[in-house]
Amino acid sequence: MASLQLDGQHICGGFLIAKQWVLSAAHCTEETDGKTFQVLLGAHSLTEPEPHKRLYRVRAQIPHPGSNIHNNKDDLLLLQLEEEAELNAHVQVLPLQREDRDVAPDTVCEVAGWGTINHSGRRPDKLYQLERPVLSRDVCNHRTRHDHTITEKMMCTDSRRKDTCKGDSGGPLVCNGVAEAVVTAGSRVCGNYKKPAIYTRIAPYTAWIDGVMAAGDG
Ligand SMILES: CC(C)CC(=O)Nc1cccc(-c2cccc(CN)c2)c1
């Protein structure tokens with residue numbers, strides 16, 4: 001799990017997909033006015049000293065060309081670290097789902113982040129992890145939910161009570177140990193069952209991800 005930070009403040013989640021590459025969400029750059037993130041790896045607490053915590057500078061930030069501030073489409077961001085991350089028990093690469101097939105509804109997946117915890121807007125110091133069931137695209141696209149805005153490159157999880165929120169964007173949705181999708185802000189509401197959590201599915205973007213990493217590695 002990565003924390004994308006500006007001036008020492010957690011802004012968004014992300015995760016290591018290769019030794020020198022982190023995947024996150026493009027909309028995380030919306031309020032950075034051009035500043036480059038730093039990436040914290042190996043952390044559980046954002047503030048306390050921990051043996052495997054290390055802050056990395058970012059050589060390049062590459063948002064998906066289709067990403068924009070008006071919708072959640074192609075909401076992916078690749079970050080190339082200044083150097084390869086030092087891997088250990090607390091810092092590992094997460095395998096990506098490369099088969100483009102929907103995760104079955106009701107599959108229980110997990111999502112983690114340092115995003116705001118509840119309606120109080122309290123920001124946690126320690127990483128939170130949540131198990132959430134996958135919601136079918138048909139239910140998620142219902143008129144009373146996200147009203148046909150969920151494309152085949154997106155997926156949803158139930159947002160009844162437990163949900164992702166501000167600061168969780170960019171983190172992985174992990175199903176059976178594989179990163180299936182990336183948290184996106186969606187309608188930017190949290191914990192409302194009528195607005196299920198939305199994720200950008202990874203499998204439809206592996207060609208783009210591989211292409212950027214190949215070009216970036218020179
Ligand atoms: C520059 C960005 C950090 C701005 C931003 O993302 N704001 C924001 C505000 C309220 C909820 C959320 C939010 C995130 C992740 C999941 C969800 C939906 N459960 C909401 C996101």
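Using the numbering used here, the letters of the sequence shown map in sequence onto residues 1 to 218. Just so you know, even glycine gets a beta-carbon here, dropped at the ideal spot from N, CA and C.
I need the straight-line Cα distance from residue i to residue j, nearest angstrom please.
{"i": "residue 142", "j": "residue 30", "result": "28 Å"}
{"i": "residue 219", "j": "residue 152", "result": "Absent from the structure is residue 219, since the part of the chain shown begins at 1 and ends at 218."}
{"i": "residue 76", "j": "residue 157", "result": "18 Å"}
{"i": "residue 56", "j": "residue 41", "result": "8 Å"}
{"i": "residue 10", "j": "residue 58", "result": "15 Å"}
{"i": "residue 84", "j": "residue 159", "result": "36 Å"}
{"i": "residue 219", "j": "residue 74", "result": "With the chain covering only 1 through 218, there is no way to say anything about residue 219."}
{"i": "residue 139", "j": "residue 105", "result": "10 Å"}
As a quick exercise: from the options, pick the residue whose alpha carbon is nearest that of residue i.
{"i": "residue 7", "options": "24, 17, 18 and 32", "result": "32"}
{"i": "residue 136", "options": "67, 129 and 196", "result": "196"}
{"i": "residue 48", "options": "124, 164, 130 and 207", "result": "124"}
Can residue i and residue j be called in contact, C-beta distance under 9 Å?
{"i": "residue 185", "j": "residue 72", "result": "yes"}
{"i": "residue 172", "j": "residue 23", "result": "yes"}
{"i": "residue 79", "j": "residue 14", "result": "yes"}
{"i": "residue 194", "j": "residue 145", "result": "yes"}
{"i": "residue 94", "j": "residue 16", "result": "yes"}
Cβ of residue i within 8 Å of any heavy atom in ligand 2?
{"i": "residue 58", "result": "Although ligand 2 was asked about, the structure shown includes only ligand 1 as ligands."}
Taking 8 Å as the line, does the beta carbon of residue i fall inside it for any heavy atom of ligand 1?
{"i": "residue 163", "result": "yes"}
{"i": "residue 86", "result": "no"}
{"i": "residue 14", "result": "no"}
{"i": "residue 117", "result": "no"}
{"i": "residue 132", "result": "no"}
{"i": "residue 150", "result": "no"}
{"i": "residue 167", "result": "yes"}
{"i": "residue 184", "result": "yes"}
Pairing CB atoms from the stretch 105-112 with CB atoms from the stretch 77-94, are three or more of them under 8 Å?
no
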